[in-house]
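**Student:**
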Amino acid sequence: MEIIKLDNVSYYYKAYNDDGSVGSAMGVEGVTLSVEEGAFVALVGHNGCGKSTLAKLLNGLLIPKSGKVTVNGLDTADKNNIFEIRKNVGMVFQNPDNQMVASVVEEDVAFGPENLGVPQKEIVARVNEALEAVGMSEYVKSSPHRLSGGQKQRIAIAGALAIRPKVLVLDESTAMLDPLGRKEVLEVAHKLNANGMTVLLITHFMEEVLDCDRVIVMNGGHVVAAGTPSEIFNNAALLDEVGLKAPRAIELSQKLISAGIDVAQQSDARALGGDVCQKLKN
Amino acid sequence: MFRDVTFGQYYPASSFVHSMDARVKLLLTLLFLVGIFFVQSFVVYGFVAVFLLTVIFVSRVPLRSVLRSIKGIIVLLVLTAVINVFFTKGADAAESPLWAWSPWNGFTIEIYVNGLKTAGKIFLRLVLLVMGSSVLTLTTTPVDLTHAVESLLKPLKLIKFPVHEFALIMSLTLSFIPSLIDETDRIIRAQKARGADFDTGGLVKRAKAFVPILIPLLVGGFRRAEELANAMNSRCYEGATKRTCMRVMKLGWRDAVASLLVVAFFAGVFVLYGMRGQWNFITWLYY
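Taken in order, these protein sequences are the chains called A and B.
Per the numbering used here, the first sequence runs over residues 437 to 718.
Per the numbering used here, the second sequence runs over residues 2 to 288.
Written as structure tokens, this is what we have:
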């Protein structure tokens, strides 16, 4: 079942020109796409390609200027739906420090359910469950600003999970993290997906895209391609056009193949190295 | 460098006072602050001091931490004491000055015993006020204090005062202080790296040097505020309507015992104040 559907969606920002006139700057234009329930979808593209605008359209933070966004069959343009939609779509943003509302971990995670008017006993249960899911149970009483970037983002994910959404949108949530933090967050995302959560991962790190079911490529406010990771990585012309690069190992294996050396195309640098060694021995 | 300023003065420990309900602590502190103003004599000040020291002992906060709070008002203390010594006249016309000095005609500096007494009492009053309120902040986390304020202000909802929003602003401020401090630190370092000079020159020059810190901080603050608003909206925030709260504040036996003791003590203080000058046998209390 399609949980998120965008039908020819456009959004423009107000732009203030140097001469004082007000024009418009494109956010996204004519975007049509859908996300299947339970899928792990990556949305990639360069800075300013409209990824984050698209994310904000998904839970009604922005309402499309034209076209229609539906979440679980509900139109985001209808004000009466907005809380139902936000209950379904949990969102985690880029800067972990700017999404913490409380100075104690458990109170931050409780913020969502408190807003929904969940009874006190159930809030405690939800908070514990959410922290458990992101592997941060032992930090219940800590203050978020003493945690690492990856841990903070896991708390932010827990905050979204406490609302019990069907979809988790990670809007460049790994962009500000070190490699270790990125790994932590991705592992949590994949684990949640394995338990049935639909995940939409917005990123510009191509390595993060490898294990996704589907990749959507954006450029200049448009969706320019969609497919499995290997389809996207093999489309060199497309990657060139949008200024993205396949992960190193894939690129290398592609080059080896085109040079007539018979190795398997793969993303795992270690395995590729093994392959190459094998070839050299022969 | 500022890191720990943010946690206010909270002194983590487990004690009778720490585990009391923050609302009760806040109310009892208020009672203490008001009660101090009804103390009229050194003897009663002595009682109050002993009482406060007992509370500090029970709270397991080192006396040193409590005394540190006085450091901040030392100038004020000395100034008020000095002014009172020199400007208080005798208790009645019959009192002659303890010491007088007339540097020129028509201007005399006089010190009366009454002035010394008044200065001493005001000094004690200020010291006790500050120590008393720092017992509250030393034994209660800022988060608990916020919750206590929210809970105690609830009746104001009747006059449409936005209690929840007020408390939310308080707690957001608390949670953003550390990251704003980090950012200030970063901006200062960035500006220093570009040759900004914060340490030399006169007052005006130094004040001006802070403009390149304040402006990026302000701009960053607005950006943060917008991101925070998005994050809060995404988590279904819609103001106080139908909102519940995870934290339950429960009154326990400690709160009952503490309230009883503090209220009884200050009832005594108030009674003494009301009967001042009436019964001879307590006049010694008014020395």
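Think of the CB as a built atom: it goes at the ideal place given N, C-alpha and C, for glycine as much as any other residue.
#1: Look at the alpha carbon of Ala95 (chain B) and the alpha carbon of Tyr113 (chain B), and state the distance between them as a whole number of angstroms.
#2: Can you name the start and end residues of the beta strand (DSSP E) that Gly221 (chain B) belongs to?
#3: Considering only the beta carbon of each residue, do Leu127 (chain B) and Leu80 (chain B) sit closer than 8 Å?
#4: For the alpha helix (DSSP H) containing Arg171 (chain B), list its first residue and its last residue.
#5: Can you check whether the C-beta of Thr245 (chain B) is within less than 8 Å of a C-beta belonging to chain A?
#6: Suppose the cutoff is 7 Å on Cβ atoms and the five residues either side in sequence are ignored; what does the same chain contact list for Arg255 (chain B) look like?
#7: Along chain B, which residues have their Cβ under 7 Å away from the Cβ of Leu552 (chain A)?
#8: Would you list, in sequence order, the uninterrupted alpha helix (DSSP H) runs of no fewer than 4 residues that lie entirely inside the region 589-673 of chain A?
#9: Would you call Val83 (chain B) buried or exposed, if buried means 16 or more other Cβ atoms sit within 10 Å of its Cβ?
#10: Can you pull out the residues from the region 195-226 of chain B whose beta carbon lies closer than 9 Å to at least one beta carbon of chain A?
#11: By a C-beta neighbour count over all protein chains shown, 10 Å radius and 16 as the cutoff for buried, is Phe223 (chain B) buried or exposed?
#12: Rounding to the nearest angstrom, what Cα-Cα distance links Trp102 (chain B) and Ala120 (chain B) in this structure?
#13: For Leu510 (chain A), which residues does DSSP report across the bridge?
#14: Measure from the C-beta of Phe3 (chain B) to each C-beta in chain A and report whether the shortest distance is under 8 Å.
#15: List the residues of chain A that Met233 (chain B) touches, going by C-beta distances under 7 Å, in chain order.
#16: Less than 8 Å between the beta carbons of Thr147 (chain B) and Asn115 (chain B), yes or no?
#17: Just the Cα atoms here: how many angstroms apart are Tyr452 (chain A) and Gly459 (chain A)?
#18: Less than 8 Å separating the beta-carbons of Ala478 (chain A) and Val651 (chain A)?
#19: Jot down the residue ranges of each uninterrupted alpha helix (DSSP H) in the region 33-98 of chain B, minimum 4 residues, whole runs only, in chain order.
#20: Going by beta carbon distance, what residues of the same chain come within less than 8 Å of Ala168 (chain B), once the five residues before and after it are set aside?
#21: Which one or two residues does DSSP pair with Phe108 (chain B) in a beta bridge?
#22: Which residues of chain A have a Cβ atom closer than 7 Å to the Cβ of Pro179 (chain B), listed in chain order?
#23: Considering only residues of the same chain and omitting the five flanking positions on each side of Leu674 (chain A), which have a CB-CB separation below 8 Å?
#24: In its own chain, which residues sit with a C-beta less than 6 Å from the C-beta of Gln587 (chain A), not counting the 5 before and 5 after it?
#25: Going by Cα to Cα distance, which pick from B:Leu215, B:Leu129, B:Lys209 is closest to Val51 (chain B)?
#26: Residues of chain B with CB under 7 Å from Leu674 (chain A), in chain order?
#27: When we look at the beta-carbon of Ile591 (chain A) and count the other beta-carbons within 10 Å, is it buried (16 or more) or exposed?
#28: Pull the bridge partners of Leu469 (chain A) from the DSSP assignment, please.
#29: Could you confirm whether any beta carbon from chain A is found closer than 8 Å to the beta carbon of Leu173 (chain B)?
#30: What is the DSSP secondary structure of Lys557 (chain A), reduced to helix, strand or coil?
#31: Taking Cβ positions only, does Val624 (chain A) come closer than 8 Å to chain B?
#32: Using only the alpha-carbon positions, how far apart do Phe199 (chain B) and Arg187 (chain B) sit?
#33: Should Val263 (chain B) and Phe33 (chain B) be called a contact, given that it needs their Cβ atoms to be closer than 8 Å?
#34: Could you tell me the boundaries of the beta strand (DSSP E) in which Ala478 (chain A) lies?
#35: Quick one: what's got a C-beta closer than 8 Å to Ile71 (chain B)'s C-beta in the same chain, skipping five residues either side?
#36: Count the other C-beta atoms from every protein chain shown that fall within 10 angstroms of the C-beta of Val249 (chain B), then say buried if there are 16 or more, exposed otherwise.
**Tutor:** If we stick to the structure as given:
#1: Numbered from 1 along the second sequence, position 94 holds the residue referred to as residue 95 (chain B). Numbered from 1 along the second sequence, position 112 holds the residue referred to as residue 113 (chain B). Rounded to whole angstroms, Ala95 (chain B) to Tyr113 (chain B) spans 11 Å at the Cα level.
#2: Numbered from 1 along the second sequence, position 220 holds the residue referred to as residue 221 (chain B). For Gly221 (chain B), no beta strand (DSSP E) segment is defined; the enclosing uninterrupted segment is the alpha helix (DSSP H) at 212-235.
#3: In the second sequence, residue 127 (chain B) corresponds to position 126, counting from 1. In the second sequence, residue 80 (chain B) corresponds to position 79, counting from 1. In this structure, Leu80 (chain B) does not lie closer than 8 Å to Leu127 (chain B) by Cβ.
#4: Start at 1 with the first residue of the second sequence, and residue 171 (chain B) comes out as number 170. One detail in the question is off: residue 171 (chain B) reads as Met in this sequence, not Arg. Its alpha helix (DSSP H) spans residues 164-194.
#5: In the second sequence, the residue the question calls residue 245 (chain B) occupies position 244. At least one chain A Cβ lies under 8 Å of Thr245 (chain B).
#6: Residue 255 (chain B) sits at position 254 when you count from the first residue of the second sequence. Excluding the 5 residues flanking it on each side, Arg255 (chain B) has same chain C-beta neighbours closer than 7 Å at Phe17, Ser20, Met21, in chain order.
#7: By one-based count along the first sequence, residue 552 (chain A) stands at place 116. In chain order: Cys237.
#8: Annotation: the region 589-673 of chain A contains the following complete segments of the alpha helix (DSSP H) (minimum length 4 residues), in chain order: 615-630, 665-670.
#9: Position 82 of the second sequence, counted from the start, is the residue given in the question as residue 83 (chain B). Exposed, by the Cβ-count rule.
#10: Arg224, Arg225, Ala226
#11: Locating residue 223 (chain B) in the second sequence gives position 222, where the first residue counts as 1. Under this definition Phe223 (chain B) is an exposed residue.
#12: As a working note, residue 102 (chain B) is residue 101 in the second sequence. As a working note, residue 120 (chain B) is residue 119 in the second sequence. Their backbone Cα atoms lie some 19 Å apart in a straight line.
#13: The residue you call residue 510 (chain A) lines up with position 74 of the first sequence. A:Val507, per the DSSP bridge assignment.
#14: Residue 3 (chain B) sits at position 2 when you count from the first residue of the second sequence. Residue confidence for Phe3 (chain B) is low, a pLDDT of 43 falling below 50, so the modelled location carries little weight; the figure read from the coordinates is stated next. Cβ-Cβ to chain A under 8 Å: no for Phe3 (chain B).
#15: Residue 233 (chain B) sits at position 232 when you count from the first residue of the second sequence. The contacting residues are Val537.
#16: In the second sequence, the residue the question calls residue 147 (chain B) occupies position 146. In the second sequence, the residue the question calls residue 115 (chain B) occupies position 114. The answer is no: Cβ separation not under 8 Å.
#17: Counted from its first residue, the first sequence places residue 452 (chain A) at position 16. Counted from its first residue, the first sequence places residue 459 (chain A) at position 23. Roughly 6 Å separates the two Cα atoms.
#18: Sequence index remark: in the first sequence, residue 478 (chain A) carries index 42 (1-based). Sequence index remark: in the first sequence, residue 651 (chain A) carries index 215 (1-based). It is a contact, given that the beta carbons lie within the stated cut-off.
#19: 43-60, 64-72, 75-88
#20: As a first step, residue 168 (chain B) must be located in the second sequence, where it is residue number 167. Contacts found: Thr147, His148, Val150, Glu151, Leu154.
#21: The count along the second sequence starts at 1 and reaches residue 108 (chain B) at position 107. The partner list for Phe108 (chain B) (beta bridge, DSSP) reads B:Trp105.
#22: Here residue 179 (chain B) refers to the residue found at position 178 when the second sequence is read from its first residue. The contacting residues are His581.
#23: Here residue 674 (chain A) refers to the residue found at position 238 of the first sequence. So the list reads Val653, Val660, Ala661, Ile668, once near-sequence residues are dropped.
#24: Within the first sequence, numbered from 1, the residue matching residue 587 (chain A) stands at position 151. For Gln587 (chain A), where only same-chain residues beyond five positions count, there are no Cβ hits under 6 Å.
#25: Within the second sequence, the letter at position 50 stands for residue 51 (chain B). Ranking the options by Cα distance to Val51 (chain B), first place goes to B:Leu129.
#26: Translated into the one-based positions of the first sequence, residue 674 (chain A) becomes position 238. Under the 7 Å cutoff, chain B gives no residues; its nearest Cβ is about 31 Å from Leu674 (chain A).
#27: Position 155 of the first sequence, counted from the start, is the residue given in the question as residue 591 (chain A). So Ile591 (chain A) ends up on the buried side.
#28: Numbered from its first residue, the first sequence carries residue 469 (chain A) at position 33. BP columns for Leu469 (chain A) point to A:Leu442.
#29: For this step, residue 173 (chain B) is matched to residue 172 along the second sequence. At least one chain A Cβ lies under 8 Å of Leu173 (chain B).
#30: Indexing the first sequence from 1 puts residue 557 (chain A) at position 121. In this structure, Lys557 (chain A) counts as helix in the three-state DSSP scheme.
#31: For the purposes of this step, residue 624 (chain A) is taken as the residue at position 188 of the first sequence. Not one chain B Cβ lies under 8 Å of Val624 (chain A).
#32: Your numbering for residue 199 (chain B) matches position 198 in the second sequence. Your numbering for residue 187 (chain B) matches position 186 in the second sequence. About 14 Å.
#33: In the second sequence, the residue the question calls residue 263 (chain B) occupies position 262. In the second sequence, the residue the question calls residue 33 (chain B) occupies position 32. Yes.
#34: On the first sequence, position 42 is the one that residue 478 (chain A) refers to. Start and end: 476-481.
#35: Walking along the second sequence from the start, residue 71 (chain B) turns up at place 70. Leu78, Val128, Val131, Met132.
#36: Position 248 of the second sequence holds residue 249 (chain B). Per the 10 Å Cβ criterion, exposed.
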